[in-house]
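Numbering (my numbering), first residue to last: 6 to 269.
We put the CB at the ideal spot given by N, CA and C, even for glycine.
Written out below as structure tokens is the structure these notes cover.
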DNA sequence: ATGCCTAACACCGTTAGA
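Right, here's the structure in full:
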């Protein structure tokens, strides 16, 4: 079973780019982030035509996550428990969608779009840290189920210096703050395995390159899209592939797909 | 030191991303 995560930076603006990759790779499960549309505007039919079941937790203009699966999705949950942590005092951002991928060996999968948190020292950064704390609390509950579990998405955290081409350039950034990195470590310490680090771990496994200043051409990348696995899922991990070439195509997202292969 | 680029929405600029 291959499980993908991809921040697509607007599913409608980039539909042909996204569908092209799905036709080539046909992952069994995919977590999409930054779909940037409400549920009714998500192009579900296009994915259903490729054989996917679709669950969407959308939002107008910003954020929004979706889950795609070749087998039916069950026990769908929209939103992260705990409704505090609003950045703007309004309704909570659409950043979390969880479901059980059915089959002979079911896997619980969550699509995650963590807040960016910039600039540091503002309410946005505080929101990011509160969101990480809420994710930690929920992950603790999910791990108690002792199931195969995959938390996949754009975590907006650079875990280690090796996860940036130029770590010094990120020192003042919310993605590389000690508090952000510490909260990510705390997640792993609950008993979650960073799939890329377990399967490969080579420095330079970047998943994001900014649109600006020729970041892609200069390989000024960072690794911020992650798949975190429970022990029951990590035991089945066969490999992780970062689809780096996708960044060089026409109309690319600034993120590329990351795919984890689990046995059976 | 700042912007570089891209998208959405509504306006012809602003907000957000990372």
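(message) If we require 4 or more residues per run, which alpha helix (DSSP H) segments fall completely within the segment 35-78?
(response) Whole alpha helix (DSSP H) segments, 4+ residues: 49-53.
(request) Pull up the distance between the alpha-carbon of residue 90 and that of residue 20, whole angstroms please. (result) Counted from its first residue, the first chain places residue 90 at position 85. Counted from its first residue, the first chain places residue 20 at position 15. Low confidence applies here, because residue 90 scores a pLDDT of 44, under 50, leaving its location unreliable; read the following figure in that light. Residue 90 and residue 20: Cα-Cα distance of roughly 31 Å.
(request) Compare the C-alpha of residue 125 against each of 85, 201 and 178 and name the closest. (result) The count along the first chain starts at 1 and reaches residue 125 at position 120. Comparing Cα positions, the closest option is 178.
(message) Could you compute how far the alpha carbon of residue 26 sits from the alpha carbon of residue 250?
(response) The count along the first chain starts at 1 and reaches residue 26 at position 21. The count along the first chain starts at 1 and reaches residue 250 at position 245. Linking residue 26 to residue 250 through their CA atoms gives a straight-line distance of about 11 Å.
(request) Can you say whether residue 95 is buried or exposed, counting buried as having 16 or more other CB atoms within 10 angstroms of its CB? (result) Against the first chain, residue 95 aligns to sequence position 90. Reliability of the predicted coordinates at residue 95 is poor, the pLDDT of 40 falling under 50, and no value is obtained from them.
(message) Check this for me: beta carbons of residue 143 and residue 102, under 7 Å apart or not?
(response) For the purposes of this step, residue 143 is identified with residue 138 of the first chain, where counting begins at 1. For the purposes of this step, residue 102 is identified with residue 97 of the first chain, where counting begins at 1. Taking 7 Å as the Cβ cut-off, residue 143 and residue 102 do not qualify as a contacting pair.
(request) Go to residue 216, then tell me how far its alpha helix (DSSP H) extends in each direction, as first and last residue. (result) Reading the first chain from its first residue, position 211 is the one you call residue 216. Premise fails: residue 216 is in no alpha helix (DSSP H) and is neither H nor E.
(request) Name, in chain order, the residues that DSSP records as bridge partners for residue 82. (result) Here residue 82 refers to the residue found at position 77 of the first chain. 103.
(request) State the Cα-Cα distance for the pair residue 114 and residue 237, rounded to the nearest angstrom. (result) The residue you call residue 114 lines up with position 109 of the first chain. The residue you call residue 237 lines up with position 232 of the first chain. A direct Cα-to-Cα measurement between residue 114 and residue 237 gives close to 13 Å.
(request) Report the partner residues of residue 138 according to the DSSP bridge assignment. (result) Here residue 138 corresponds to residue number 133 of the first chain, with the count starting at 1. Looking at the DSSP output, residue 138 shares a beta bridge with no other residue.
(request) Sort 258, 180, 76 and 64 by Cα distance to residue 119 and report the nearest one. (result) Taking the first chain and counting its residues from 1, one reaches residue 119 at position 114. Looking only at 258, 180, 76 and 64, the smallest Cα-Cα distance to residue 119 is reached by 180.
(request) Below 6 Å CB to CB, which residues in the same chain sit around residue 86 once its five sequence neighbours on both sides are set aside? (result) Here residue 86 refers to the residue found at position 81 of the first chain. Excluding sequence neighbours, residue 86 sits near 143.
(message) Less than 7 Å between the C-beta atoms of residue 158 and residue 36, yes or no?
(response) Numbered from 1 along the first chain, position 153 holds the residue referred to as residue 158. Numbered from 1 along the first chain, position 31 holds the residue referred to as residue 36. Taking C-beta atoms as the reference points, residue 158 and residue 36 count as a pair closer than 7 Å.
(request) Run the CB neighbour count on residue 268, radius 10 Å, all protein chains shown included, and call it buried at 16 or more, exposed below. (result) As a working note, residue 268 is residue 263 in the first chain. For residue 268, the number of other beta carbons within 10 angstroms of its own is below 16, and it is reported as exposed.
(request) Indicate whether residue 164 and residue 189 have their beta-carbon atoms separated by less than 7 Å. (result) Here residue 164 refers to the residue found at position 159 when the first chain is read from its first residue. Here residue 189 refers to the residue found at position 184 when the first chain is read from its first residue. A contact, by the Cβ cut-off of 7 Å.
(request) Between the Cα of residue 135 and those of 151, 172 and 187, spot the shortest distance and give me the residue it belongs to. (result) Translated into positions along the first chain, residue 135 becomes position 130. Minimum Cα distance to residue 135 is reached at 187.
(message) Could you tell me the alpha carbon to alpha carbon distance between residue 79 and residue 110, rounded to whole angstroms?
(response) Position 74 of the first chain, counting from 1, holds the residue named residue 79. Position 105 of the first chain, counting from 1, holds the residue named residue 110. Cα-Cα distance, rounded: 13 Å.
(message) If I measure Cβ to Cβ from residue 58 and keep anything under 8 Å in the same chain, skipping five residues before and after, which residues do I get?
(response) Within the first chain, residue 58 is the residue found at index 53, counting from 1. These residues qualify, in order along the chain: 73, 74, 75, 76, 77 and 78.
(request) Count the other C-beta atoms from every protein chain shown that fall within 10 angstroms of the C-beta of residue 67, then say buried if there are 16 or more, exposed otherwise. (result) In the first chain, the residue the question calls residue 67 occupies position 62. Per the 10 Å Cβ criterion, exposed.
(message) Quick check on DSSP: helix, strand or coil for residue 169?
(response) Working through the first chain from its first residue, we reach residue 169 at position 164. Of the three classes helix, strand and coil, the one that applies to residue 169 here is strand, per DSSP.
(request) Return the CA-CA distance between residue 40 and residue 226, expressed in angstroms with no decimal places. (result) Within the first chain, numbered from 1, the residue matching residue 40 stands at position 35. Within the first chain, numbered from 1, the residue matching residue 226 stands at position 221. Each residue's Cα considered, the two are about 22 Å apart.
(request) Would you mind stating whether residue 198 and residue 239 have Cβ atoms separated by less than 7 Å? (result) Taking the first chain and counting its residues from 1, the one referred to as residue 198 is at position 193. Taking the first chain and counting its residues from 1, the one referred to as residue 239 is at position 234. Taking 7 Å as the Cβ cut-off, residue 198 and residue 239 qualify as a contacting pair.
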